[in-house]
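Participant:
Protein chains: 2
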Amino acid sequence: MSYDYIREGDAIYNRSFAIIRSEADLKRFAPSVEERLAVRIIHACGMTDVAADLAFAPGAAEAGAAALAAGAPIFCDAQMVAHGVTRARLPANNEVICTLSDPSVPAQAKARGLTRSAVAADLWRAKLGGSVVAIGNAPTTLFRLLEMLDEGAPMPACIIGMPVGFVGAAESKDALIQYPNTPHLVVRGRRGGSAMAAAAINALASAKE
Amino acid sequence: MSYDYIREGDAIYNRSFAIIRSEADLKRFAPSVEERLAVRIIHACGMTDVAADLAFAPGAAEAGAAALAAGAPIFCDAQMVAHGVTRARLPANNEVICTLSDPSVPAQAKARGLTRSAVAADLWRAKLGGSVVAIGNAPTTLFRLLEMLDEGAPMPACIIGMPVGFVGAAESKDALIQYPNTPHLVVRGRRGGSAMAAAAINALASAKE
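This is the structure:
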């Protein structure tokens, strides 16, 4: 049996992005960074209609790209997000940090009655100012981040808010959008996930297709 | 500012699964393993309508669960899939193997004009018989696996076929379904991804909710 399919990596990317640009409604996205973000997020999930659920704060995409270029660290809520970041695309060999498996997290979570994902966000605080945050899994991480900002934690350069699921995902993303002056990149509703969050980082990291 | 949300991990899982079971049409799935698979795949993507795209070969879910219980290795096409597998759920401390970063892969891919994802599948061959394969990213891995079976490679116990995207994803999954006697668990169409593939492994691994 022989299958007729495109076998070469660059050709697959090129064809994928061409299909996305021919099918998706991308008119409302600013050229360059925002459009690239939309294309890569669609590419990660296979759904062109997700474009309608994207909510980008003005300037957030450019701020995220500039922060990465200047060497900002990337905080991820899940190992899957961290492992979806293409290291070769990062402009400044940026640190990719996931604190979820920090040894202090399980006991803290139990003591405070929180998820490990929420507790892990507290460990970002020292380097949070000007960083790029990518949340692709846990609504509780995003809620906890907003509480930390309210407690006086410094603002990241860019907050990728893309937790997925049925409990708190849509609500945490609405709260992020409504929080004053957050530089947010959001997929509204229940959809989201680690692949979309990693794709957003990869889009901010480099203009290479 | 204070947010009203469920903060405790087990409570979030319970509520999520209750919402999924109340909203999704799961009647056609066999009790126990198939139903659990459907629920966890929906949970991973936030979309109840993905249930309609699930194609499970008769007995494949049970075969996958039995293989894991007996200690079968798990082959993943991407690091994101491997990192989505919850190690604590695995019944036999099963090996989770991703050969994509094997040092031989880049040169082989270049020499053969294939993707690294396709070449990486060739490194599964020695332990492929009776294994559990989880493909959540690359259609070329799935096409290459089918070619290997055609070349005489031994059949896995279960093939989770869930690559995502616009070029080859739907086609490779249709080819898997049509290939004779494959024990497949598929999300048809463009949708899929590493989170769904990892969720399928996690469902096969344990009956724990």
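Protein chains in written order, with our numbering: chain A, 28 to 236; chain B, 28 to 236.
Built from N, CA and C at the ideal position, the CB exists for glycine as well.
In this text the structure is predicted, and so the values were computed from the model without any measurement.
How should B/Lys200 be labelled, buried or exposed, when 16 other C-beta atoms within 10 angstroms of its C-beta is the threshold for buried?
Facilitator: For the purposes of this step, residue 200 of chain B is taken as residue 173 along the second sequence, with counting starting at 1. Buried is the call here.
Participant: By the three-class DSSP mapping on this structure, what secondary structure does A/Val66 have?
Facilitator: To locate residue 66 of chain A, count along the first sequence from 1; it is residue 39. Residue state, collapsed to three classes: helix.
Participant: Between the region 69-76 of chain A and the region 131-151 of chain A, do at least 3 Cβ pairs fall closer than 8 Å?
Facilitator: No: fewer than three Cβ pairs fall under 8 Å.
Participant: Alpha carbon to alpha carbon, what distance is there between A/Arg34 and B/Ala138?
Facilitator: The sequence position of residue 138 of chain B within the second sequence is 111, counting from 1. The sequence position of residue 34 of chain A within the first sequence is 7, counting from 1. Roughly 12 Å between the two C-alpha positions.
Participant: Would you kindly report the start and end of the unbroken alpha helix (DSSP H) that includes A/Val214?
Facilitator: Position 187 of the first sequence holds residue 214 of chain A. Note, A/Val214: premise wrong, no alpha helix (DSSP H); beta strand (DSSP E) at 211-214.
Participant: How about A/Ala148 and A/Cys125: are their beta carbons less than 7 Å apart?
Facilitator: For the purposes of this step, residue 148 of chain A is identified with residue 121 of the first sequence, where counting begins at 1. For the purposes of this step, residue 125 of chain A is identified with residue 98 of the first sequence, where counting begins at 1. No.
Participant: By Cβ distance below 7 Å, which residues in the same chain neighbour A/Ala92 in space, the five residues on each side in sequence not counted?
Facilitator: Looking up residue 92 of chain A in the first sequence gives position 65. Here the set comprises Val60, Leu231.
Participant: Measuring alpha carbon to alpha carbon, tell me which of A/Tyr32, A/Ala82, A/Leu127, A/Asn121 ends up nearest A/Thr209.
Facilitator: To locate residue 209 of chain A, count along the first sequence from 1; it is residue 182. For A/Thr209, the nearest C-alpha among the options comes from A/Ala82.
Participant: Whole angstroms is fine: what's the gap from A/Thr167's alpha carbon to A/Gly195's?
Facilitator: Translated into positions along the first sequence, residue 167 of chain A becomes position 140. Translated into positions along the first sequence, residue 195 of chain A becomes position 168. Roughly 7 Å separates the two Cα atoms.
Participant: Could you say which of A/Gly219, A/Leu95, A/Met107, A/Arg152 lies nearest to A/Asn121 if we only look at CA atoms?
Facilitator: The sequence position of residue 121 of chain A within the first sequence is 94, counting from 1. The shortest C-alpha separation from A/Asn121 is found at A/Leu95.
Participant: Could you check the C-alpha separation between B/Ser158 and A/Leu150 for me, to the nearest Å?
Facilitator: The residue labelled residue 158 of chain B in the question sits at position 131 within the second sequence. The residue labelled residue 150 of chain A in the question sits at position 123 within the first sequence. B/Ser158 and A/Leu150: Cα-Cα distance of roughly 39 Å.
Participant: So what does DSSP say about A/Gly188, is it helix, strand or coil?
Facilitator: Residue 188 of chain A sits at position 161 when you count from the first residue of the first sequence. Strand.
Participant: So, helix, strand or coil for A/Ala161, using DSSP?
Facilitator: Residue 161 of chain A sits at position 134 when you count from the first residue of the first sequence. In the structure shown, A/Ala161 sits in a strand (DSSP, three-state: E or B).
Participant: Drop a sphere of 10 angstroms on the beta-carbon of A/Asp104, count the other beta-carbons inside from all chains shown, and report buried for 16 or more, exposed for fewer.
Facilitator: Working through the first sequence from its first residue, we reach residue 104 of chain A at position 77. Answer is buried; the Cβ neighbour count reaches 16.
Participant: Is the beta carbon of A/Ala145 closer than 7 Å to that of A/Leu173?
Facilitator: Counting from one through the first sequence, the residue named residue 173 of chain A turns up at place 146. Counting from one through the first sequence, the residue named residue 145 of chain A turns up at place 118. Going by C-beta atoms, A/Leu173 is not nearer than 7 Å to A/Ala145.
Participant: In terms of alpha-carbon separation, which member of A/Ser233, A/His211, A/Glu236 lies closest to A/Thr84?
Facilitator: The residue labelled residue 84 of chain A in the question sits at position 57 within the first sequence. As written in the sequence, residue 84 of chain A is Ala, which differs from the Thr given in the question. Taking only the C-alpha atoms, the option nearest A/Ala84 is A/His211.
Participant: Counting only beta-carbon atoms, is A/Gln106 nearer than 7 Å to chain B?
Facilitator: As a first step, residue 106 of chain A is located in the first sequence; it is residue number 79 there, counting from the start. At least one chain B Cβ lies under 7 Å of A/Gln106.
Participant: List the residues of chain A whose Cβ lies closer than 8 Å to the Cβ of B/Ala202, in chain order.
Facilitator: For the purposes of this step, residue 202 of chain B is identified with residue 175 of the second sequence, where counting begins at 1. Simply Tyr30.
Participant: Cβ atoms of B/Gly216 and B/Asp80: under 7 Å apart, would you say?
Facilitator: In the second sequence, the residue the question calls residue 80 of chain B occupies position 53. In the second sequence, the residue the question calls residue 216 of chain B occupies position 189. Cβ distance < 7 Å, so B/Asp80 and B/Gly216 count as in contact.
Participant: Just the Cα atoms here: how many angstroms apart are A/Leu141 and A/Asp129?
Facilitator: Numbered from its first residue, the first sequence carries residue 141 of chain A at position 114. Numbered from its first residue, the first sequence carries residue 129 of chain A at position 102. Approximately 15 Å, taken between the alpha carbons.
Participant: Put B/Leu150 into one of helix, strand or coil per three-state DSSP.
Facilitator: For this step, residue 150 of chain B is matched to residue 123 along the second sequence. In the structure shown, B/Leu150 sits in coil (DSSP, three-state: anything other than H, G, I, E or B).
Participant: Please list the terminal residues of the continuous beta strand (DSSP E) segment that includes B/Ala82.
Facilitator: The residue labelled residue 82 of chain B in the question sits at position 55 within the second sequence. First-last of the beta strand (DSSP E) with B/Ala82: 81-83.
Participant: Kindly list, in the order they appear in chain A, the residues whose Cβ is closer than 8 Å to that of B/Ala145.
Facilitator: Residue 145 of chain B sits at position 118 when you count from the first residue of the second sequence. Residues of chain A passing the Cβ test: Arg34.
Participant: Identify the contact partners of A/Met182 in chain B, using a Cβ-Cβ distance below 7 Å as the criterion.
Facilitator: The count along the first sequence starts at 1 and reaches residue 182 of chain A at position 155. Within chain B, no residue comes near A/Met182; the closest Cβ sits about 15 Å away, beyond 7 Å.
Participant: Tell me the rounded alpha-carbon separation between B/Pro207 and B/Leu176.
Facilitator: If you number the second sequence from 1, residue 207 of chain B lands on position 180. If you number the second sequence from 1, residue 176 of chain B lands on position 149. Straight-line Cα distance between these residues: approximately 10 Å.
Participant: Out of A/Ile162, A/Leu169, A/Lys235, A/Phe170, which has the shortest C-alpha to C-alpha gap to A/Ala225?
Facilitator: Taking the first residue of the first sequence as 1, we reach residue 225 of chain A at position 198. The candidate whose alpha carbon is nearest that of A/Ala225 is A/Ile162.
Participant: Would the C-beta of B/Val60 count as close to the ligand ADP, meaning under 6 Å from any of its heavy atoms?
Facilitator: No copy of the ligand ADP appears in this structure; indeed no ligand is present at all.
Participant: Between which two residues does the alpha helix (DSSP H) harbouring A/Phe170 extend?
Facilitator: Taking the first residue of the first sequence as 1, we reach residue 170 of chain A at position 143. Per DSSP, A/Phe170 belongs to the alpha helix (DSSP H) from 166-177.
Participant: Using a Cβ-Cβ cut-off of 7 Å, state whether A/His110 counts as contacting chain B.
Facilitator: Indexing the first sequence from 1 puts residue 110 of chain A at position 83. Judged by the 7 Å Cβ criterion, A/His110 is in contact with chain B.
Participant: On a CA-only basis, which of B/Ala78, B/Ala234, B/Leu169, B/Phe44 is nearest B/Met189? Give me that one, please.
Facilitator: Here residue 189 of chain B is taken as the residue at index 162 of the second sequence, counted from 1. Among B/Ala78, B/Ala234, B/Leu169, B/Phe44, the Cα nearest to that of B/Met189 is on B/Leu169.
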